[in-house]
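Worksheet: the structure to be examined is printed underneath.
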Amino acid sequence: MLIVQKYGGTSVGDIERIRAVARKVKRVCDEGHQVVLVVSAMSGETDKLIGLAEELSNHIEGREMDLLLSSGERISAALMAMAISELGVKSMSFTGRQVGIVTNDAHTKARIEKVSANRLKKALAEGAVPVVTGFQGISVTGKDVTTFGRGGSDLTAVAIAASLKAALCEIYTDVDGVYTTDPNMVTEARKLDRVSYEEMLEFSSLGAKVLQSMAVEYAKKYNVPLVVRSSFSDAPGTLIVKEDEDMEKVVVSGVAYDKNQSKITIIGVPDRPGIASKLFGTVAAANIVVDMIVQNISHATGATDISFTVARTESKKAMKLADSLAKDLDAVGTDLREDISKVSIVGVGMKSHSGVAALMFETLAKHGVNIMMISTSEIKVSCVIEKKFTELAVRALHNAFGLEGKKKPAKKKTAKKKAKAKRG
Ligand code: ADP
Ligand code: ASP
Ligand code: MG
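Heads up: the sequence shown begins at 2 in our numbering, then just goes up one per residue.
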């Protein structure tokens, strides 16, 4: 069968790890399967490149940034192909452009428009293991290198799996599956055997970086069978599948958080038709994605405060627009808060249960966490809170919704141990 395997930054973090992946790939090939690999940049590499660019300038062109960032994945793809070849298995590395991944022109957050994958098919037919650079393609009009945003190698893997109609797309990472919350934050988090595309999409867009949200969206659209598993163990991982009746029974299946958030407020905007349309039309035209929106009308002044959240990486750009709009609209002023985060609870079962949001608010209140903004959908509730309370809130919610793994029953002490305990 044809399998697409994606290895994240930690999994290709040094030469020894690259060698370990190569050995794993050889084993899969020896079992008679065909494999296409997608690799991320070595861990820390993308951050390092961003740091270098930011040292130079604080208004970097997306086009230049994309060429820079794409280099991280090129290094690991070439090294991986070399490591596989060293084991006597034919392997060839390819960039996104070389395998026909065509995107729109939105630099640093491009969306895939087409994947032709002809060269991949040719390489597979020649018995080679193709290794593709994650997270990049080529723009349809400019023919320039584009990237898909942080975590975008997951999208490359899913898009290639869809294009080749692969039997499976495996995402290998540093945790052994999708958990009820980030296992690196909450040790009691429980691994989920199966998650629906819908739930995973919510999880990912709400900050659970274990899978990139565009990748889940793509997998859902093209029905790509997806599994998240560990590079470092043979544990079975988490399957991302279509929703079924069993899943409905779980009201809340997990807690997500996103610390990469900023809140912008335009204070004292005149309360008249067309203001929100002008504000968010301008923000959208600048290609900035707005998440939550809250508008409060003051009955005393007749003016409104409009608050909205954007990714922190976009806050400077969004603030510039907000400042100039505030002037145009005769508003009192603007305010930017970067010390916020968003915590969310997710579960398809929420559709048919009441009281879920109330328990969330009660839990946060009990822990002294103030809620600044709220947004809900059929299967999630999100609250914006002060960033310093993120961990407290995530733990409290995880506990309040009973998501912990079953505690191992305390072993009964044997007579010998009891005697020893008594002796002290
Ligand atoms: P990779 O470099 O392999 O793509 P990422 O860092 O992008 O890995 O994603 C894996 C990380 O996602 C984990 O180390 C974990 O801290 C984080 N994470 C956040 N939420 C979850 C969750 N619900 N389940 C599993 N991991 C999660
Ligand atoms: N290297 C990119 C990042 O760090 C893409 C990825 O790892 O998926 O975001
Ligand atoms: Mg990732």
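Cβ atoms here follow ideal geometry from the backbone N, Cα and C, with glycine treated the same way.
| Query | Result |
| --- | --- |
| Just checking V179 against the ligand ADP - is the residue's beta carbon closer than 7 Å to any of the ligand's heavy atoms? | yes |
| What does a CB cutoff of less than 8 Å around T11 pick up in its chain, not counting 5 residues either side in sequence? | R18, S44, T174, D175, S232 |
| Give a single yes or no on whether G356 has its beta carbon closer than 7 Å to a heavy atom of the ligand ASP. | no |
| In terms of alpha-carbon separation, which member of V311, A301, V270, K352 lies closest to G334? | V270 |
| Give the C-beta separation of S71 and N105 to the nearest angstrom, bearing in mind that I take them to be a contact with Cβ-Cβ under 8 Å. | At roughly 16 Å, the Cβ-Cβ gap does not stay under 8 Å, so S71 and N105 are not in contact. |
| Classify M201 as buried or exposed, calling it buried when 16 or more other Cβ atoms lie within 10 Å of its own Cβ. | buried |
| Going by the C-beta, is D183 closer than 7 Å to any heavy atom of the ligand ADP? | yes |
| Given a threshold of 16 other Cβ atoms within 10 Å of its Cβ, counted over all protein chains shown, does R273 qualify as buried or as exposed? | exposed |
| For A420, which of helix, strand or coil comes out of DSSP? | For A420, the pLDDT reaches just 47, beneath the cut-off of 50, and the residue's location in the model is therefore unreliable, leaving the point undetermined. |
| Mind the definition here: the region 184-197 touches the region 60-67 only if three or more C-beta pairs lie below 8 Å; say whether that holds. | no |
| For N261, which three-state DSSP category applies? | strand |
| Can you grab the Cα-Cα spacing for the pair K413 / I85, in whole Å? | Legend: pLDDT at K413 = 46, less than 50; position of this residue unreliable, value from coordinates given subsequently. Going by the C-alpha atoms only, they are around 50 Å apart. |
| Given V5, which residues of its chain have a CB within under 6 Å of its CB, disregarding the five upstream and five downstream residues? | V37, A158, I161, A162, A167, C170 |
| Where do the N-terminal and C-terminal ends of the alpha helix (DSSP H) with A359 fall, by residue? | 357-367 |
| Would you mind sorting T305 into buried or exposed? The rule is 16 or more other CB atoms within 10 Å of its CB. | buried |
| Is the region 143-155 touching the region 177-184 in the sense that three or more CB pairs, one from each, lie closer than 8 Å? | no |
| Output the boundary residues of the beta strand (DSSP E) element that contains M215. | Per DSSP, M215 belongs to no beta strand (DSSP E); it is in the alpha helix (DSSP H), 214-223. |
| Alpha carbon to alpha carbon, how far is D15 from S308? | 44 Å |
| Any heavy atom of the ligand ADP within a distance shorter than 7 Å of the CB on F204? | yes |
| At 3 residues or longer, and completely inside the region 17-92: list those beta strand (DSSP E) runs for me, N to C. | 35-40 |
| Measuring straight from C-alpha to C-alpha, what distance separates R120 and T96? | 11 Å |
| Please classify E246: does DSSP put it in a helix, a strand, or coil? | helix |
| Comparing the CB of A209 with every heavy atom of the ligand ADP, is any distance shorter than 7 Å? | yes |
| To the nearest angstrom, how far is the alpha carbon of S383 from that of K321? | 26 Å |
| Whose CA, out of P184, A397, A319, S214, lies closest to the CA of T266? | A319 |
| Can you tell me where the beta strand (DSSP E) holding E387 begins and where it ends? | 381-387 |
| Look at the alpha carbon of H108 and the alpha carbon of G143, and state the distance between them as a whole number of angstroms. | 11 Å |
| DSSP on L165, reduced to helix/strand/coil? | helix |
| Look at the Cβ atom of I341, then the Cβ atom of V385, and state whether they are nearer than 8 Å. | yes |
| Check F281 in the structure and name its three-state DSSP category. | helix |
| So, at 7 Å on beta carbons, what are the nonlocal neighbours of V13 in its own chain, with the 5 sequence-adjacent residues on each side left out? | I19, V22, V40, S41, M43, S77, M81 |
| Consider the C-beta atom of D48 and the heavy atoms of the ligand MG; say whether any pair is separated by less than 7 Å. | no |
| Is L240 closer than 8 Å to V228 when the C-beta atoms are compared? | yes |
| For L53, count neighbouring Cβ atoms within 10 angstroms of its own Cβ and tell me buried if that reaches 16, exposed if not. | exposed |
| Identify, in the order they occur along the chain, each residue of the same chain with its Cβ nearer than 7 Å to the Cβ of E392, setting aside the five sequence neighbours on each side. | M186 |
| Shorter than 7 Å, the distance from the beta carbon of G9 to the closest heavy atom of the ligand MG, or not? | yes |
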